[in-house]
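Chains A and B supply the protein sequences, listed in that same order. With numbering that gives the first Met the number 0 as the guide, the letters of the first sequence map in order to residues 0 to 317. With numbering that gives the first Met the number 0 as the guide, the letters of the second sequence map in order to residues 0 to 687. Just so it is clear, CB atoms sit at the ideal spot from N, CA and C, and this is done for glycine as well.
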Amino acid sequence: MELQEFSDKYERTVSEVSRVVLGQRPIIEHALIALISGGHLLLEGVPGLGKTLLVRSLGAVLGASFGRIQFTPDLMPSDVTGGNVFNAKSSNFEFIPGPVFNQLVLADEINRAPAKTQSALLEAMQERSVTVDGTTRELPAPFLVLATQNPIESQGTYPLPEAQLDRFLLKVNVTYPSQEVEQELLSAYVAGFNPQKLKLSQVLSADELIDMQETLQKVQVRPEILEYITRLVSSTRDHRSIDVGASPRASVGLLQTARAHAASLGRDFLVPDDVKSFAHAILRHRLVLHPDAELEGITQDDVVSSILAETSVPGGVS
Amino acid sequence: MRPDLRGGKARGCLFALVAVLLLTTSVCAAQAPAISDDPSGELESLPEAASASTPEEGETPETPASAALPLNPFFEKEVRDHLQDGRYRFCQDPNYRFFRAEKESLCSQVEAFEQNCPTLRNACQRPPWEEEFKTETDESSGWNLNGLGLDFVGVILKILFWLTMGLVVAYIARALIRRAQLWREELASETAPTPASPLKERQDNFPEELRTHVLLTLARASLDSGKITEALHLTYRATIRALADAEWVKPHRSKTSGDYLRSLRERGPLTPTRWDESDAPQGVPGAQSDLSLDRVTMHLRDLDRERFRGGPRPEKASSLLAQAEVLASRLSPLLIFLALLLSGCDRFNAPQSPHEPYGPRGNQLFEDLLRAQAPSLHRRLQRVLEVPEEASTVVAVGAKLRPLEWKTLNNWVSGGGHLVVAAPPSQFLDEFGQEFGTSPCEGTLTAPGIVPVKTDETRAFKSDTSGEILARCADKPFASTVEWNDGWVTVIADDHLFQNVSLAASHNASLVFHLLGNLDGHVEYLGPFTGRGSQNPLESITRAGFGWWVFQLLLLIVIYAWSRGKRLTSPVDPSGSTRRAFSEHARALSRMYERAGASGWALRHYSEWVYDTLRRRAPSTRSDMKSLTRAVSGSEQEANKLREALTIGRRADELGETEAQHHATFRRLKSAILGVSEVSHKKTSKKD
Chain A
0 MELQEFSDKY
10 ERTVSEVSRV
20 VLGQRPIIEH
30 ALIALISGGH
40 LLLEGVPGLG
50 KTLLVRSLGA
60 VLGASFGRIQ
70 FTPDLMPSDV
80 TGGNVFNAKS
90 SNFEFIPGPV
100 FNQLVLADEI
110 NRAPAKTQSA
120 LLEAMQERSV
130 TVDGTTRELP
140 APFLVLATQN
150 PIESQGTYPL
160 PEAQLDRFLL
170 KVNVTYPSQE
180 VEQELLSAYV
190 AGFNPQKLKL
200 SQVLSADELI
210 DMQETLQKVQ
220 VRPEILEYIT
230 RLVSSTRDHR
240 SIDVGASPRA
250 SVGLLQTARA
260 HAASLGRDFL
270 VPDDVKSFAH
280 AILRHRLVLH
290 PDAELEGITQ
300 DDVVSSILAE
310 TSVPGGVS
Chain B
0 MRPDLRGGKA
10 RGCLFALVAV
20 LLLTTSVCAA
30 QAPAISDDPS
40 GELESLPEAA
50 SASTPEEGET
60 PETPASAALP
70 LNPFFEKEVR
80 DHLQDGRYRF
90 CQDPNYRFFR
100 AEKESLCSQV
110 EAFEQNCPTL
120 RNACQRPPWE
130 EEFKTETDES
140 SGWNLNGLGL
150 DFVGVILKIL
160 FWLTMGLVVA
170 YIARALIRRA
180 QLWREELASE
190 TAPTPASPLK
200 ERQDNFPEEL
210 RTHVLLTLAR
220 ASLDSGKITE
230 ALHLTYRATI
240 RALADAEWVK
250 PHRSKTSGDY
260 LRSLRERGPL
270 TPTRWDESDA
280 PQGVPGAQSD
290 LSLDRVTMHL
300 RDLDRERFRG
310 GPRPEKASSL
320 LAQAEVLASR
330 LSPLLIFLAL
340 LLSGCDRFNA
350 PQSPHEPYGP
360 RGNQLFEDLL
370 RAQAPSLHRR
380 LQRVLEVPEE
390 ASTVVAVGAK
400 LRPLEWKTLN
410 NWVSGGGHLV
420 VAAPPSQFLD
430 EFGQEFGTSP
440 CEGTLTAPGI
450 VPVKTDETRA
460 FKSDTSGEIL
470 ARCADKPFAS
480 TVEWNDGWVT
490 VIADDHLFQN
500 VSLAASHNAS
510 LVFHLLGNLD
520 GHVEYLGPFT
530 GRGSQNPLES
540 ITRAGFGWWV
550 FQLLLLIVIY
560 AWSRGKRLTS
570 PVDPSGSTRR
580 AFSEHARALS
590 RMYERAGASG
600 WALRHYSEWV
610 YDTLRRRAPS
620 TRSDMKSLTR
630 AVSGSEQEAN
640 KLREALTIGR
650 RADELGETEA
660 QHHATFRRLK
670 SAILGVSEVS
680 HKKTSKKD
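So, in structure tokens, the structure goes:
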């Protein structure tokens, strides 16, 4: 696929989803970038911000199958992956696939389920396959998990451990829309807008999506940009406020998302802006703060911002 | 187009000249006086100099310091020489203008001063300032709007004016400092390689913050040498530097083109545009005269494209360099300072305040004459908290001293000094006695051996003082000297005689120095300037009126620190939104207690928790400590150690043990808890 075509399809996909999910263009772009980069997305935000609608709409626009898992404290791993059920008619055990066997999976409130259930999903995300009773079954391609979790001060939650968080390519903090956007939304509803009844056109097919993933290879990356990415990620390992920094997986993720961003703009080369655009989303969930820093109110975003401000960009002023 | 390095220096010199001119005009405007600046509120007439005559022979007044000074040509010459200084405009400037009241008082006696002030007659023939501007004087604000009663508007305008002047001066000062820094860098960079010399590939060889034209020159050199990538990087840096010079962006090594463009758009959303070869500008955009944001955007994006896409093109690099040169020339700061030039103030037509040092009512001439007469003179700025040992005479003319300072002078005089006070203030009278009270006097000033001096509305003492009378006004004492313990005090009823215009008549100068007596040692000169300097920073703040502001600021800081809590004694919990988990919060708190040396307190709480946890987890039917510890321990010995640790731990803050002992107890308790967890886990696994 040519980069111009890539850019056009990207823009059309985002615009089409934006017809239904109003005022959340950055989230839509992050979801699409994650999909194109072959990663998964973690959204943190309160209910009512259109997360389910987003994934459902994305599935419609991409012509992809959609599955939703509502995580609760009593959710079992087999509720996620599926399991063998005895069929009395055929007297055989039949495998009933779980909701994870969809191309787009919404894992709602993932931090409400116990660690065992979380692991089942996270293993599927990593391996792109599910093993039940010794039989390994491949998950469909492309495969995107969009997980949501409540803000961390809520009671009765099981926070994802740091090692599991690393499996998510991007983490986005979803905030309330601005007053103007919310007013536009209400105006749209007054004018008869109904997201449930709105028909979305399919813009991309699964094959085209895979093609887009392969097109990323056409985006050239200069050695100084690679060095810049490496410096950014390695800075997280030495930062005074960080106990555990980002792994090389973060470097790869940053590279891939930056390439996807450049391609979405029709560019066949990477610039430092592409890297900076996704630094927060890539790094914020991979950093373990030092308790002292946490006590002082420092957040992961603050640390990433300070690292970005202290790291010289290639080709910039001295 | 090659940028001209010399042109940059010329612009810099011109800017410096303009800045100096502006600063000068600003300072002079700051000295623009109120129309009426007479502290007494009423201009008094000046003593008139009578015709010259010689003193009677043999008559020498018996002053403590010396014999009376007869009129002598010394003062005539001294006065004339000093008045040649062009700063005495009232004496030398034929275009000088008086204020009305001053004109009426002085010009009626112009004959007395003509000898030393040849232009005075011309100045007296010119209309006063008030007629020039057709405004009435208003002593309350100095800024009156044609008597319309809008005095408050005048006050507001006055404030706005000084505020604006302050901002202009501050801006110029800041620009001067920046220029100086850039000049130093340019001086350092003048040893940079010439265009013909080879340049290294790595672009970080160049010193930080080179000036725009230097970067452009280096970029041109790199391009000529075939180092395209380096030329592109230098062109980029030059572009950013040009934008920074115009204060459109603040450069930083961590900022990308996107960051700069965002700040140029005032942090609005940067909509990404399609990258298309056909969008790229071709050649030098010389025909386009606008410096628009879109052009800057396109220029930076083109630079990024060539820098970060493999295989930069020489012709494209040349085109971008030319664009950068055009951009830099358009953003020259000269335009800004030329605009400032148009707003400069005009010094030379500003009226001179009568009371400024070289004005008619000033005292500069007296000081100059005193400096010529005395072996050494010190113009005292600091408060008079002590008098130098070498001082033999202290002359106080119009000095506003505090009671403590008069007391200091009193002690010094009592020890053998000579104090001369003109127009004694009430604090002096309180310290030295009320016999020096004054009242108005009309008449002629007379002193033994001195030519009588006619005066209008001067002051004299109410009654004869206890000392020797040095001069009289009519029949009242005008100046006298009194023995004061081991020293002498010479008191002069008023200080008009010490003013410049008064001393312009040399006979007056003779009288004044006669009254001062013999100045044969170091002289301390006190005036209205005395005490304006501060002894310490606190006094300086108080004088500036900032004392209350500083106090409020300190109070705010204290309240803020109190609200945040002290780290070592009162740890402040983080807000709920930032706390991740209780365990991590507890861990962080424990570190704070550790820093506070509160290990005993922490151990006590931990021990209580361990005890409570063991009771809940341990498989024991009895809750006493012996049974409990036996239930969780593998042996009697272990149980005893655990019991001991629990007992000590629960009273850790009372027993006064060391931190190391606390840590040992803590470890023992921790292993006990972990052991219970292991036991519980094994039992659970067995059940599974």
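*Could you have a look at B/Arg603 and say whether DSSP puts it in helix, strand or coil?*
Note: B/Arg603 maps to helix in three-state DSSP.
_In this structure, how does DSSP classify B/His417 when only helix, strand and coil are distinguished?_
Strand, per DSSP.
*Euclidean distance between Cα positions of A/Ala119 and A/Leu74*: Cα to Cα, the separation comes out at about 11 Å.
_Given a cut-off of 8 Å on the beta-carbon distance, is the pair B/Ser328 and B/Leu299 in contact?_
No, they are not a contact pair.
*Beta-carbon of B/His232 versus every beta-carbon of chain A: anything under 8 Å?*
At least one chain A Cβ lies under 8 Å of B/His232.
*Who pairs with B/Cys472 in a beta bridge, going by DSSP?*
As a beta-bridge residue in DSSP terms, B/Cys472 pairs with B/Leu444, B/Lys475.
*Going along the chain, which unbroken runs of the alpha helix (DSSP H) with 4 or more residues stay wholly within the segment 13-64 of chain A?*
The segment 13-64 of chain A contains, as complete alpha helix (DSSP H) runs of 4+ residues, the segments 24-36, 50-61 (chain order).
*DSSP puts B/Lys315 in a beta bridge; with which residues?*
DSSP lists no partner for B/Lys315.
*asked:* Can you find the residues in the same chain that come closer than 6 Å, C-beta to C-beta, to B/Leu217, ignoring five residues on each side of it along the sequence?
replied: Leu233.
*Taking all protein chains shown into account, do 16 or more other C-beta atoms lie within 10 angstroms of the C-beta of B/Val549, making it buried, or fewer, making it exposed?*
Counting every other CB atom within 10 Å of its CB across the protein chains shown gives B/Val549 a total below 16, marking it as exposed.
_Own chain partners of A/Phe85 with C-beta closer than 7 Å, once the 5 adjacent residues on each side are dropped_ = Counting only Cβ-Cβ distances below 7 Å, and skipping sequence neighbours, we find Phe92.
*For A/Leu169, which residues does DSSP report across the bridge?*
BP columns for A/Leu169 point to A/Leu40.
*Work out the CA separation of B/Leu242 and B/Tyr87 for me, nearest whole Å.*
Linking B/Tyr87 to B/Leu242 through their CA atoms gives a straight-line distance of about 49 Å.
*asked:* Whether or not the segment 46-55 of chain A and the segment 238-248 of chain A are in contact is what I'm after, with contact meaning three or more pairs of Cβ atoms, one per stretch, closer than 8 Å; do they touch?
replied: Contact between the segment 238-248 of chain A and the segment 46-55 of chain A is absent, because fewer than three Cβ pairs lie under 8 Å.
_Spatial neighbours of A/Ala140 in its chain, beta-carbon cut-off 8 Å, leaving aside the 5 residues before and after_ = In the same chain as A/Ala140, and ignoring 5 residues on each side of it, the C-beta atoms closer than 8 Å to its own belong to Gln102, Arg127, Ala205, Ile209, in chain order.
_Does chain B have any CB closer than 8 Å to the CB of A/Thr310?_
Interface with chain B (8 Å Cβ-Cβ cutoff): A/Thr310 is included.
*In whole angstroms, what separates the C-alpha of B/Arg629 from that of A/Pro290?*
Separation of B/Arg629 and A/Pro290 (C-alpha to C-alpha, rounded to the nearest whole angstrom) is 36 Å.
*Does the separation of the CB atoms of B/Val481 and B/Ser465 fall below 8 Å?*
Yes, the pair counts as a contact, with Cβ atoms nearer than the cut-off.
*Given that A/Val300 touches chain B, what residues does it touch there, using C-beta distances under 8 Å?*
The sequence given here places Asp at residue 300 of chain A; Val does not occur at that position. Within chain B, no C-beta atom comes nearer than 8 Å to that of A/Asp300; the closest sits roughly 11 Å away.
_Whether or not the segment 372-386 of chain B and the segment 523-530 of chain B are in contact is what I'm after, with contact meaning three or more pairs of Cβ atoms, one per stretch, closer than 8 Å; do they touch?_
These segments touch.
*In chain order, which continuous runs of the beta strand (DSSP E) of length 3 or greater are located wholly inside the segment 481-514 of chain B?*
Fully enclosed beta strand (DSSP E) runs of 3 or longer: 486-491.
_Residues of chain B with CB closer than 9 Å to the CB of A/Ile109, please, in chain order._
In chain order: nothing, as chain B lies at least about 16 Å away.
_Suppose the cutoff is 7 Å on Cβ atoms and the five residues either side in sequence are ignored; what does the same chain contact list for A/Ser234 look like?_
Ile306, Thr310.
*Through-space distance from A/Phe94 to A/Gly133, alpha-carbon basis*: C-alpha separation (whole angstroms): 12 Å.
*Flag this pair as touching only if the segment 33-44 of chain A and the segment 182-200 of chain A have three or more C-beta atom pairs under 8 Å; answer yes or no.*
No, because fewer than three Cβ pairs between the segment 33-44 of chain A and the segment 182-200 of chain A fall closer than 8 Å, the two stretches do not touch.
_Simplified DSSP assignment, three categories, for B/Val152_ = It is helical.
*What first and last residue would you give for the alpha helix (DSSP H) that runs through B/Val295?*
From DSSP, the alpha helix (DSSP H) with B/Val295 extends over 292-307.
*Outcome for B/Asp293 when other beta-carbon atoms lying within 10 angstroms are tallied against a minimum of 16*: Taking a 10 Å sphere around the C-beta of B/Asp293, we find fewer than 16 other C-beta atoms and assign the residue as exposed.
*Report yes or no: is there a C-beta of chain B within less than 8 Å of the C-beta of A/Ser17?*
For A/Ser17, the answer is no, since every Cβ of chain B falls outside 8 Å of its Cβ.
*Counting only the same chain and skipping the five closest in sequence on each side, list residues whose C-beta sits under 7 Å from that of A/Ala308.*
Once the five neighbours on either side are set aside, A/Ala308 has no close Cβ partner at all.
_So, for A/Ala292: in the same chain, excluding its five sequence neighbours on each side, which residues have a beta-carbon less than 6 Å away from its beta-carbon?_
Excluding sequence neighbours, A/Ala292 sits near Ser240.
_Range covered by the alpha helix (DSSP H) that runs through A/Gln212_ = Its alpha helix (DSSP H) spans residues 205-214.
*asked:* Using a Cβ-Cβ cutoff of 9 Å, what residues of the segment 218-232 of chain A are near chain B? List them in chain order.
replied: Look at the segment 218-232 of chain A: the residues with a C-beta under 9 Å from a C-beta of chain B are Gln219, Val220, Arg221, Glu223, Ile224.
*Return yes when the Cβ of B/Ala321 is within less than 8 Å of the Cβ of B/Leu222, no when it is not.*
With contacts defined by Cβ atoms closer than 8 Å, B/Leu222 and B/Ala321 do not form a contacting pair.
*Residues in its own chain within less than 7 Å of B/Gln372 by CB, not counting five upstream and five downstream?*
Sequence-distant Cβ neighbours of B/Gln372 in its own chain, meaning closer than 7 Å and more than five residues away, are Phe512, Leu518.
*Which partner residues does B/Leu162 have in the DSSP bridge list?*
Note: B/Leu162 sits in no beta bridge, so no partner.
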